[in-house]
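Reading through the structure tokens given below for one structure.
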Amino acid sequence: MQRVAVVGVGQTHFVSHRKDVMHSELCFEAVNSCLRDANLSIDDVNAIVFGVMDGFDGVDCLDRWCAGAAGGYGRPFMRINTAGATGLSTGIAAYHQVASGLSDVVLAVAEQRVSESLDAQSILNTAACPIYDRNIGGTAITLGSLPATRHMGLYGTTHAQRALVSVKNHRNACLNPFAHLRFEVTVEQVLQSRLIEWPLRLLECCPRSDGAVAVVLAGEHVARSLTDRPAWIHGAVSMADTFFYGDRPDVAYRDNLAVAARRLYRKVGICDPRKEIDVAELYSPFTSLEIMQTEALGFCSEGQGVRLVEEGVTWLEGDLPVNPSGGVLCTNPIGATGLVRMAEAALQVMGRAGEHQVNGVKTALCHGLGGVLQFQTLMVLGAEPR
Amino acid sequence: MDKVAIIGTAQWASAQPTSHAFYELATIVAEQALHNAGIDRGAVDAWFMGEYDLSVGRTASHMYTVPAAGGFYQDEIRIHDDGLFAAVQAFLGILSGEYEVVLVVSTGVASETCQDRLSTYSLDPFFVRPLGLTEAIANAMQAHSYRIRHSITNIEGAQRVVKSRTQAQLNANASVWAPITVSEVLNAPYAVYPLRSPEFAPYCDGACAVVMASEPVARRLGRPPIWIRGIGWANDTYHLGDKDLAHLPALEKAAEMAYHMADITDPPRQVDVAELYDVTVYHEIMASEALGLFEKGAMHQWLQEPLSTPGPAINPSGGLIGGRPAAAAGLIRLAESVGQVMGRAGRHQVDGARTAMAQSMSGWGNQRAAVMIVGR
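These protein sequences, in sequence, are chains A and B.
1153 is the number of the first residue of the first sequence in my numbering; add one for each residue after it.
250 is the number of the first residue of the second sequence in my numbering; add one for each residue after it.
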């Protein structure tokens, strides 16, 4: 057992379609930039953990092709796939590998080229049971629109309130050089954008992105020798819920995330998340989900999520900025997204987030989401070891 | 280093396409393994799944298997590889201090789709996929190249098939029991030239679950636990043109790592049983050599009398020739190894087995390998 810290991160620029490089080359970009960032060479790396979700890339088991580019030649190599939660599950698996004491330096790499599939939603639909669920035509967007409607019914949330989340995240993305959609929007523009699935409009939904990300984790001794400001991992949890959506207590889905968050807070000793967490990077592909996630994570009480964004709390200058990178609403390389959250949270803790740096970050939370709002992964990183 | 124990296992396999949904198999083996371990679901901290998506024709297939295996409101992770890799990650999860008890579950319902056809989709679409290569062709190329290198005849290969089938007949969890003769093998149709169909491991439906626990938990249960003594896993090149096909370098690396951890310096004498991932009968021989159980090429002399091979018992269960339930095949090797050192393997029990080794491989030309050594 040993303490673990993030000592470097690397991201590619996320775009709609990376035509100039192949899958393995894309992966190589992120890995190289990560190793440069940590001032390490591939020879210093003991093991690789690789995450990608199958179905989108036009290649099954992409890890086999990309293993060499990820630095996996002749090294221990572990392939993770937990649907949308893949990215952060990859980070958590790497964390366990270093914490076990068996490895001192482990590289977590995740990649996705959603552009290789003509329609991401039709691929996501293959996850549904072919007998009971597939024919109703549900998509990942349904998982944003149903809870959005439920939230409107329960708490009177308005379209304009949800639009504010989009305005905030798009503004943040303009400050993040790696973000996919980098333009500002107004509430009016959000409300007038094309209806995708009621009540969600185009600017309330994430894009589909190509890109890769790498995060290098090190044991305490190595971490201290590399940098005087690593991002220490305080703890992580993951959570599985039932598959069948009808079995959930509420489509507003706060149960599984709330339970996961409580378990994590207990583990890392957080009593008041609103006060003790300085910044959060959440897997929020729809405006509706970000609002409900902030409630489930205990940043406010149930139904008050819109207040946080209305009162400026979750804005970059606010008390508890949420998705300062622009978040998933502006960049979504599905299987890599969770690891991007971890990379961004680490950058915030290390004070190296650049223009979207939040002042004085001591504790950062990151989150991954997968399945039918079924898998929740959470990790807390801090400036001091716990 | 802290110790990790295996406290329960369960296997399920069927040669006929199963009428169960693939996730029901996860329920069957998870319940049975927990029962065998003498603990209930509430004691499990985390679920480690080892499964492929496309082999059941959908993306994110663990969305079904995790809850079906009892993973509800608890930690979960899915290793998208053979089940033995999930066992490796589970072992690390316990060593990290995060978990006390974990359940490793692997399902492989090969009858859902055409496995060999699907394998082509993991080839890069530019350089290799247009060649029409399949996993079976890649494995046959390796086997052939090994045969040529060590002058192994087709009769010797056929004898190896007879040996494995004979062993499988003793294994209640094998899915292929039919006996076979050397001449039947030699007259069987070619699957991929120059290999005939019985020389390949036949795909089947199956599942496996393994319960692991930290030392304090294992000791509290009051039964002699089986300890994980060493693990190793490694990855080699992806492109077949980049490697010597007659070797399994990833497996050599994985073995080196596992032996180092288990403090094994003389594998032929210190390992009693090896359960190997024999996608073809020749891979059984290649793997035994890569693991250092026999000198390279030296196993040749034992092919004439396959049942009286000295040294460690190789695949007493019949190995994958007795059935290959896709991603579950590697985890079943671990369950078999545990059964051997517990002395509960049944009719194929090896006398006095104290240390056993499970091994699996995946990818093109068996690009990736995992090894786990267990002992009393």
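Backbone N, C-alpha and C fix where the C-beta goes; we use that ideal spot for every residue, glycine too.
1) Which of helix, strand or coil does DSSP assign to Leu274 (chain B)?
2) Does chain B have any CB closer than 9 Å to the CB of Tyr1417 (chain A)?
3) Nearest to Asn484 (chain B) by alpha carbon, out of B:Met250, B:Ala619 and B:Lys252?
4) Enumerated in chain order, which unbroken segments of the beta strand (DSSP E) with a length of 3 residues or greater are wholly contained in the region 1334–1390 of chain A?
5) Please check the pair Asp1430 (chain A) and Ala1497 (chain A), which I expect to be a contact at CB under 8 Å, by giving their CB distance rounded to whole angstroms.
6) Quick one: grab the DSSP three-state call for Arg1286 (chain A).
7) Taking buried to mean at least 16 other C-beta atoms within 10 Å of its own C-beta, is Lys502 (chain B) buried or exposed?
8) The beta strand (DSSP E) spanning Trp1217 (chain A) covers which residue range?
9) Write down the C-beta distance between Leu1491 (chain A) and Ala1260 (chain A) rounded to the nearest angstrom, noting that I regard them as a contact closer than 8 Å.
10) Are the CB atoms of Tyr370 (chain B) and Ala295 (chain B) nearer to each other than 9 Å?
11) Which same chain residues, not among the five before or five after Asn1408 (chain A), have their C-beta less than 7 Å away from its C-beta?
12) How big is the Cα-Cα spacing for His1303 (chain A) and Cys1357 (chain A)?
13) What do you get for His1519 (chain A), buried or exposed, if any count of 16 or more other CB atoms within 10 angstroms of its CB means buried?
14) Out of curiosity, what's the CA-to-CA distance linking Gly332 (chain B) and Tyr1225 (chain A)?
15) Check the Cβ of His496 (chain B) against every Cβ in chain A and list those closer than 7 Å, keeping chain order.
16) Just reading off the alpha helix (DSSP H) that Leu1468 (chain A) is part of, what are its end residues?
17) At least one CB of chain A closer than 9 Å to the CB of Pro379 (chain B): is that the case?
18) For Leu344 (chain B) and Ser1252 (chain A), which I take to be in contact (beta-carbon distance under 8 Å), what is that distance rounded to the nearest angstrom?
19) Taking only the alpha-carbon atoms, compute the straight-line gap between Glu585 (chain B) and Ala1331 (chain A) and give it to the nearest angstrom.
20) Indicate whether at least one CB of chain B lies closer than 9 Å to the CB of Asp1402 (chain A).
21) In angstroms, rounded to a whole number, what distance separates the CA positions of Ala1237 (chain A) and Arg1418 (chain A)?
22) What alpha helix (DSSP H) runs, 4 residues minimum, are completely inside the region 1435–1485 of chain A?
23) Identify each residue in the region 477–492 of chain B for which the Cβ-Cβ distance to at least one residue of chain A is less than 9 Å, and report them in chain order.
24) Three or more C-beta pairs under 8 Å: does that hold for the region 465–477 of chain B against the region 355–374 of chain B?
25) Could you pull out every residue in the same chain whose Cβ sits closer than 6 Å to the Cβ of Ser368 (chain B), ignoring the five residues on either side in sequence?
26) For the region 1246–1267 of chain A, which residues have a CB atom closer than 7 Å to at least one CB atom of chain B, in sequence order?
27) Using three-state DSSP, classify Phe1229 (chain A) as helix, strand or coil.
28) So, helix, strand or coil for Thr1529 (chain A), using DSSP?
29) How many Å lie between Ala417 (chain B) and Val253 (chain B) at the Cα?
30) Should Trp1350 (chain A) go down as buried or exposed, given a rule of 16 or more other Cβ atoms within 10 Å for buried?
31) Going by alpha carbons, who is nearest to Val587 (chain B) out of B:Val528, B:Met506 and B:Met461?
32) Using only the alpha-carbon positions, how far apart do Asp1209 (chain A) and Gly381 (chain B) sit?
33) Using only CA atoms, which one of A:Thr1242, A:Glu1336 and A:Asp1471 lies nearest to Ala1315 (chain A)?
34) With 16 other CB atoms within 10 Å as the buried threshold, where does Gly1534 (chain A) fall?
35) Which partner residues of Ile477 (chain B) appear in the DSSP bridge assignment?
36) When you compare only the Cα positions, how much space is there between Glu1428 (chain A) and Ala1245 (chain A)?
On the basis of the coordinates in this document:
1) By one-based count along the second sequence, residue 274 (chain B) stands at place 25. In the structure shown, the three-state DSSP call for Leu274 (chain B) is helix.
2) Against the first sequence, residue 1417 (chain A) aligns to sequence position 265. At a cut-off of 9 Å between beta-carbon atoms, Tyr1417 (chain A) makes no contact with chain B.
3) Position 235 of the second sequence, counting from 1, holds the residue named residue 484 (chain B). Minimum Cα-Cα distance from Asn484 (chain B) among the listed residues B:Met250, B:Ala619 and B:Lys252 corresponds to B:Ala619.
4) If we require 3 residues or more, the beta strand (DSSP E) runs fully inside the region 1334–1390 of chain A come out as 1347–1349 and 1362–1371.
5) Within the first sequence, residue 1430 (chain A) is the residue found at index 278, counting from 1. Within the first sequence, residue 1497 (chain A) is the residue found at index 345, counting from 1. Not confirmed; about 10 Å, so no contact.
6) The residue labelled residue 1286 (chain A) in the question sits at position 134 within the first sequence. For Arg1286 (chain A), the three-state secondary structure derived from DSSP is helix.
7) For this step, residue 502 (chain B) is matched to residue 253 along the second sequence. By the neighbour-count rule (16 or more Cβ atoms within 10 Å), Lys502 (chain B) is buried.
8) The count along the first sequence starts at 1 and reaches residue 1217 (chain A) at position 65. Here Trp1217 (chain A) belongs to no beta strand (DSSP E); instead the alpha helix (DSSP H) covers Leu1214 to Cys1218.
9) By 1-based counting over the first sequence, the position of residue 1491 (chain A) is 339. By 1-based counting over the first sequence, the position of residue 1260 (chain A) is 108. Between the beta-carbon of Leu1491 (chain A) and that of Ala1260 (chain A) there is about 6 Å, and that keeps the pair under the 8 Å contact cut.
10) Numbered from its first residue, the second sequence carries residue 370 (chain B) at position 121. Numbered from its first residue, the second sequence carries residue 295 (chain B) at position 46. No, Cβ-Cβ distance for Tyr370 (chain B) and Ala295 (chain B) is not below 9 Å.
11) Locating residue 1408 (chain A) in the first sequence gives position 256, where the first residue counts as 1. The answer, listed in chain order, is Met1391, Asp1393 and Gln1528.
12) Translated into the one-based positions of the first sequence, residue 1303 (chain A) becomes position 151. Translated into the one-based positions of the first sequence, residue 1357 (chain A) becomes position 205. Straight-line Cα distance between these residues: approximately 17 Å.
13) The residue given as residue 1519 (chain A) occupies position 367 in the first sequence. Result: buried.
14) Indexing the second sequence from 1 puts residue 332 (chain B) at position 83. Indexing the first sequence from 1 puts residue 1225 (chain A) at position 73. Taking the straight line from one Cα to the other gives about 21 Å.
15) What you label residue 496 (chain B) is simply residue 247 of the second sequence in a count that begins at 1. Chain-order list of chain A residues neighbouring His496 (chain B): empty, with the shortest C-beta distance near 13 Å, by a criterion of under 7 Å.
16) Taking the first residue of the first sequence as position 1, residue 1468 (chain A) is located at position 316. For Leu1468 (chain A), no alpha helix (DSSP H) encloses it, and the DSSP letter there is neither H nor E.
17) For the purposes of this step, residue 379 (chain B) is taken as residue 130 along the second sequence, with counting starting at 1. The Cβ of Pro379 (chain B) sits no closer than 9 Å to any Cβ of chain A.
18) Counted from its first residue, the second sequence places residue 344 (chain B) at position 95. Counted from its first residue, the first sequence places residue 1252 (chain A) at position 100. Yes, they are in contact, since the Cβ atoms of Leu344 (chain B) and Ser1252 (chain A) sit about 4 Å apart, within 8 Å.
19) Here residue 585 (chain B) is taken as the residue at index 336 of the second sequence, counted from 1. Here residue 1331 (chain A) is taken as the residue at index 179 of the first sequence, counted from 1. Going by the C-alpha atoms only, they are around 49 Å apart.
20) Residue 1402 (chain A) sits at position 250 when you count from the first residue of the first sequence. Chain B contact via Cβ: absent.
21) Counting from 1 along the first sequence, the entry for residue 1237 (chain A) is found at position 85. Counting from 1 along the first sequence, the entry for residue 1418 (chain A) is found at position 266. The straight-line gap from Cα to Cα measures roughly 22 Å.
22) Whole alpha helix (DSSP H) segments, 4+ residues: 1439–1448, 1457–1462 and 1479–1482.
23) Flagged, chain order: Ile480, Gly481, Trp482, Ala483, Asn484, Asp485, Thr486, Tyr487, His488 and Asp491.
24) At 8 Å Cβ cutoff, the stretches do not touch.
25) Along the second sequence, one-based indexing puts residue 368 (chain B) at 119. For Ser368 (chain B), where only same-chain residues beyond five positions count, the Cβ hits under 6 Å are Thr383 and Glu384.
26) Closer than 7 Å at the C-beta level to chain B, one finds these residues of the region 1246–1267 of chain A: His1248, Gln1249, Ala1251, Ser1252, Gly1253 and Leu1254.
27) For this step, residue 1229 (chain A) is matched to residue 77 along the first sequence. Strand.
28) In the first sequence, residue 1529 (chain A) corresponds to position 377, counting from 1. Of the three classes helix, strand and coil, the one that applies to Thr1529 (chain A) here is strand, per DSSP.
29) Residue mapping note: residue 417 (chain B) aligns to position 168 of the second sequence, counting from 1. Residue mapping note: residue 253 (chain B) aligns to position 4 of the second sequence, counting from 1. Cα to Cα, Ala417 (chain B) sits roughly 30 Å from Val253 (chain B).
30) Position 198 of the first sequence, counted from the start, is the residue given in the question as residue 1350 (chain A). Classification of Trp1350 (chain A): exposed, given that the 10 Å Cβ count is below 16.
31) Counted from its first residue, the second sequence places residue 587 (chain B) at position 338. That would be B:Met461, whose Cα lies nearest to the Cα of Val587 (chain B).
32) For the purposes of this step, residue 1209 (chain A) is taken as the residue at position 57 of the first sequence. For the purposes of this step, residue 381 (chain B) is taken as the residue at position 132 of the second sequence. Answer to the nearest angstrom: the Cα atoms are 19 Å apart.
33) As a position in the first sequence, residue 1315 (chain A) is number 163, starting the count at 1. Cα-wise, what sits closest to Ala1315 (chain A) is A:Glu1336.
34) The residue labelled residue 1534 (chain A) in the question sits at position 382 within the first sequence. So Gly1534 (chain A) counts as buried.
35) Residue numbering aside, residue 477 (chain B) sits at position 228 when the second sequence is read from its first letter. Per DSSP, B:Val623.
36) Here the question's residue 1428 (chain A) lines up with position 276 in the first sequence. Here the question's residue 1245 (chain A) lines up with position 93 in the first sequence. The straight-line gap from Cα to Cα measures roughly 25 Å.
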